[in-house]
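Number of protein chains: 2
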Amino acid sequence: MNNFEFQNPTKILFGKGQIEKLSKEVPKESNVLLLYGGGSIKKNGIYDQVMSALSEHKVMEFGGIPPNPEYSVLMEALQVIKKENIDFLLAVGGGSLIDGTKFLSAAAYFEGKDPWDLLTKGRAVTKGIPFGTVLTLPATGSEMNSGLVITREETKEKLSTGGPALFPQFSILDPEVVKSIPQRQLANGVADAYMHVMEQYMTYPMGGLLQDRLAESILQTLIEVAPAIMKDPADYNAAANFMWSCTMALNGLINKGVPEDWAVHMMGHELTALYGIDHARTLAILAPSHYRFNFETKKAKLAQYAERVWNVTKGTEEEKATTAIVKTEEFFHTLDIKTKLSEYTDDYAATAGTVSQRFTKRRWTKLGENQSLKPDDVAKIIEMSY
Amino acid sequence: MNNFEFQNPTKILFGKGQIEKLSKEVPKESNVLLLYGGGSIKKNGIYDQVMSALSEHKVMEFGGIPPNPEYSVLMEALQVIKKENIDFLLAVGGGSLIDGTKFLSAAAYFEGKDPWDLLTKGRAVTKGIPFGTVLTLPATGSEMNSGLVITREETKEKLSTGGPALFPQFSILDPEVVKSIPQRQLANGVADAYMHVMEQYMTYPMGGLLQDRLAESILQTLIEVAPAIMKDPADYNAAANFMWSCTMALNGLINKGVPEDWAVHMMGHELTALYGIDHARTLAILAPSHYRFNFETKKAKLAQYAERVWNVTKGTEEEKATTAIVKTEEFFHTLDIKTKLSEYTDDYAATAGTVSQRFTKRRWTKLGENQSLKPDDVAKIIEMSY
């Protein structure tokens, strides 16, 4: 096991009726900016619950932040924050909206010329406006971590940053929101959380015995509840386990002391930036090819995953590992998620080249848990995903 | 799943060589009181590492705090804290020492006459002197929670309290300390952590699917590493998994949203208070009888535990549940821990009556996850443990 540091100060308020606790969790004297997306919170009643809880607070609003939070829109929100002396942000939405809020938290204190530098200079963010979240879409785990991903349409880029200042003060997780989420986004949420675990788990066995079992626990729970929530998103208990699994999948716990991969995410972000494919679906497209391409270095862990998560008891290590990849693909298919790039776009032929060139330009030449994947390898993995 | 709130702000520094980070983690301008126990830290080199890291801090010492932190000794330490204007406590030791430090943190701000009231009045502690820990004995999880248990020889009592002010600011967990721990205390640590998980897990299935799997992960890891650390405590990777499992067993995560029992602990504390039996061993004495006495309400979960943790695949639910209790007893025996009270003392005949009378006096009349156990039931469970 490797050395590690772990600290996660976010307060989680989980369950039915928790939104009313906003009245106590948001500091009384603050100038609050409520941030939200396309307006679904006005249809499903969450907006009303939030405003009711904050009836004695001073609240301004900024709606219309799109999925894959767009830089230019966030820049408009930043002007509001500065002009209105906002000192508390409340994100009501999914992971994209929370990521956008984190970016604004950091950008408000950024002293350079262009806040985009926060994403390109690679420095940890140590100062930000305090913020809380009300999660409306279980998936990304952003509600209990300090990372963020931002998209910029102008350059078709999608980049990430984070830092200790960017943990939410609190996050409210009410599983009752799940019943109003469309099937497609539920499927994305399951796949996204699943792949978050896989990025931290599917490397090689190195003695993180507890970490492995914790990761497997989340995978098993997602596999167990996925059919139930896809069939009936109003199944509260299935929704609750789904929601808590998504949070636990990326709250900084299961990766402590063990190697991580994240190459699938780095490649996947490009497919979203280039073609607008849902984030979770880009991961489902790339993961099987990634595991096949890196079979030799990952086969021991793939076999462990086959045994413990998919109950594959027979066969050699290679056979189990191969079965594990197929099982993973089949799981995505049960969610009605397609796993080939050509099933999403006809314009895929240049993708491998485009992405590998971008990685070369950014000097992303050491991907994966062994830092062994070069842009040429990235091109091959993407080609295998066509 | 039940509603819950979760927040754990403690910073964990885990691994080899982490003790030197004390120089940064302990605030520079503070008046530090270093608290320790019987002096083993002076033999195993930890004291020297700590003092070296704090060479530029102002540090006073208070050693000699005994296992099962004794109230009268803590009262002496409290005088030092007040007299010397101590404003940061550093606990270097095991769970008892950390519990004692938490009590001092709270007692320093206690405004009533007798700090013992902190333990008898049942109020959450919301104000305390900040403190950090260097853990030398994996077992109790106190290094990453806000609870404490204190013993008072004068009245032969052992009582608990806690509160949001009593999370350590940081805890340093260096698995290399494990190699200098005597076999008996290693066994106690494994059994203690195991029973912490069991108290939060061995109730009834109620849909906490992820929580169940997380709990089972810790049990499986403890079962996996116990033989390795008992054979060779210098096995760093086994020690690291043991140490992290003990912390994760009681850091407030696995009990979120699910019912808890804790009756074994409440009874066990009395056996320690009456006979001085090691805490972990009191749990091993009582747990099997507790599960047998409550077989009807616990059998579904016992069967799940049999299947998932002990790989018992055959038999009826009752048979699996019965086997699970035997497996648990056998696990304690592999640690050379005896599971009958009569194996620890000849003077046991009055125990059941004494403990049930104490519980009646304290109005502890609703123990267990169903709040159904009365003092008469407690007497029967203890008799079954003779």
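Chains as they are written, first to last, in the numbering used here: chain A, 1083 to 1468; chain B, 1083 to 1468.
By construction, the Cβ of each residue, glycine as well, lies at the ideal position given by its N, Cα and C atoms.
On a predicted model such as this, the values are computed, not experimentally measured, just so you know.
Proximity of residue i and residue j at Cβ, strictly below 8 Å
i, j, result
"B:Leu1296", "A:Leu1296", "yes"
"A:Met1083", "A:Gly1450", "no"
"B:Tyr1118", "B:Val1155", "no"
"A:Leu1356", "A:Lys1261", "no"
"B:Asn1333", "B:Met1226", "yes"
"A:Glu1158", "B:Leu1095", "no"
"A:Gly1177", "A:Ser1224", "yes"
"B:Lys1380", "B:Thr1303", "no"
"A:Ile1211", "A:Ile1168", "yes"
"B:Thr1222", "B:Asp1256", "no"
"B:Thr1433", "B:Ile1463", "no"
"B:Thr1410", "B:Val1394", "no"
"A:Leu1171", "B:Ser1299", "no"
"A:Ala1269", "A:Met1312", "yes"
"B:Ile1254", "B:Lys1103", "yes"
"B:Lys1093", "A:Gln1089", "yes"
Residue-chain proximity (residue i, chain A), Cβ-Cβ < 8 Å
i, result
"B:Met1330", "yes"
"B:Ser1299", "yes"
"B:Arg1445", "no"
"B:Ile1305", "no"
"B:Gly1271", "no"
"B:Leu1179", "no"
"B:Asn1167", "no"
"B:Ala1221", "no"
"B:Met1348", "no"
Span of the alpha helix (DSSP H) around residue i
i, result
"B:Gln1282", "1265-1283"
"B:Met1142", "No alpha helix (DSSP H) holds B:Met1142; the beta strand (DSSP E) holding it covers 1140-1144."
"A:Lys1409", "1399-1416"
"B:Ser1253", "No alpha helix (DSSP H) contains B:Ser1253, which is instead part of the beta strand (DSSP E) from 1252-1255."
"B:Ala1173", "No alpha helix (DSSP H) contains B:Ala1173, which is instead part of the beta strand (DSSP E) from 1170-1175."
"A:Thr1303", "1291-1313"
"A:Leu1384", "1377-1392"
Proximity test, Cβ basis, 8 Å: residue i and chain B
i, result
"A:Gly1097", "yes"
"A:Ala1135", "no"
"A:Phe1088", "yes"
"A:Gly1146", "no"
"A:Trp1326", "yes"
"A:Met1312", "no"
"A:Pro1091", "yes"
"A:Ile1367", "no"
"A:Gly1339", "yes"
"A:Ala1206", "no"
DSSP state of residue i mapped onto helix, strand, coil
i, result
"B:Arg1234", "strand"
"B:Ser1134", "helix"
"B:Phe1324", "helix"
"B:Gln1100", "helix"
"A:Pro1457", "helix"
"A:Gly1435", "helix"
"A:Thr1202", "helix"
"B:Ile1359", "coil"
"B:Thr1092", "strand"
"B:Glu1258", "helix"
"A:Phe1441", "helix"
"A:Glu1111", "coil"
"A:Phe1192", "coil"
"B:Glu1087", "strand"
"A:Gly1120", "coil"
"A:Gly1223", "coil"
"A:Gly1350", "helix"
"B:Gly1229", "strand"
Host beta strand (DSSP E) of residue i (start-end)
i, result
"B:Val1216", "1213-1217"
"A:Leu1160", "Premise fails: A:Leu1160 lies in the alpha helix (DSSP H), 1153-1165, not in any beta strand (DSSP E)."
"B:Thr1243", "1239-1244"
"B:Leu1335", "Here B:Leu1335 belongs to no beta strand (DSSP E), and DSSP marks it neither H nor E."
Check: residue i C-beta below 7 Å from any heavy atom of the ligand SAM
i, result
"A:Leu1095", "The ligand SAM is absent from the structure shown, which contains no ligands of any kind."
Mind checking the segment 1384-1418 of chain A against chain B and listing, in chain order, the residues whose C-beta falls within less than 7 Å of any C-beta there?
none
Using a Cβ-Cβ cut-off of less than 8 Å, give me the residues of the segment 1098-1118 of chain A that come near chain B, in sequence order.
Lys1098, Gly1099, Gln1100
Interfacial residues, the segment 1234-1264 of chain A to chain B, with Cβ spacing under 7 Å:
none
Going along the chain, which residues of the segment 1274-1301 of chain A sit with their C-beta nearer than 7 Å to a C-beta in chain B?
Gly1289, Leu1291, Leu1292, Arg1295, Leu1296, Ser1299, Ile1300
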